[in-house]
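Residue numbers (the numbering used here): 29 to 210.
Every residue, glycine too, gets a C-beta built ideally from N, C-alpha and C.
Source: prediction; values computed, not measured.
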């Protein structure tokens with residue numbers, strides 16, 4: 029059921045290193061993004077895929093994955109989403125749609141991930157030899173989650189999530205009645 033998949037799709041930041049992801053899996057996930065909606069059907073997005081430990085080690089310090097996981101808990105794969113400015117100068121909302129499609133596909137496969145916009149773009153461009161006509165938009169950290177996340181109503185701390193003593197991450201969400209304007 030789609031609702032269950034969406035609830036399962038949390039922003040995971042810690043991953044099992046023994047659960048390697050194959051390039052074919054990353055290609056299948058990007059194919060979901062390719063089939064998703066695109067503003068005016070321009071399809072300006074391009075992707076860099078990495079499931080190689082050496083390439084991952086280059087990418088990891090250049091993206092601000094919340095909590096800065098230690099090397100033994102880093103993602104085992106990354107998808108860097110780019111906009112090809114020769115096709116369209118700005119991506120509209122395409123990269124958000126693509127990222128969500130990829131992460132929902134990952135969740136369906138028993139994987140998890142995190143959408144990251146905090147990127148050292150110039151350094152990543154140089155490290156991965158990304159041509160100037162491609163803008164770095166987002167990075168997706170992907171792997172087998174090593175953490176549990178639960179959704180709960182907003183409490184006294186507002187929308188700020190927290191970890192409990194059992195290392196379960198609590199993710200507060202606003203109620204449906206609060207977000208629908210009558």
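- Secondary-structure assignment with DSSP links residue 111 through a beta bridge to 73, 163.
- Membership of residue 182 in any alpha helix (DSSP H) is not indicated, and neither H nor E is assigned to it by DSSP.
- Among the bridge pairs identified by DSSP, residue 168 is matched with 107, 143.
- Across the set 65, 30, 76, 187, the C-alpha of 76 shows the shortest separation from the C-alpha of residue 166.
- Distances from the alpha-carbon of residue 142 to those of 29, 91, 119 put 91 closest.
- Taking the Cβ atoms as the reference, residue 101 lies roughly 6 Å from residue 174, within the contact range of under 8 Å.
- The closest CA to that of residue 107, considering only 98, 54, 155, is found on 54.
- Residue range 30-36 is occupied by the alpha helix (DSSP H) that includes residue 36.
- Of the candidates 124, 151, 31, the residue whose Cα lies closest to the Cα of residue 89 is 151.
- With fewer than 16 other Cβ atoms from the protein chains shown falling within 10 Å of its own Cβ, residue 32 counts as exposed.
- Between residue 148 and residue 47, the beta carbon gap of about 27 Å keeps them out of contact (Cβ cut-off 8 Å).
- The C-alpha of residue 170 is placed about 28 Å away from the C-alpha of residue 203.
- Between residue 93 and residue 41, the gap from beta carbon to beta carbon is short of 9 Å.
- When only Cα atoms are considered, residue 199 and residue 95 end up about 15 Å apart.
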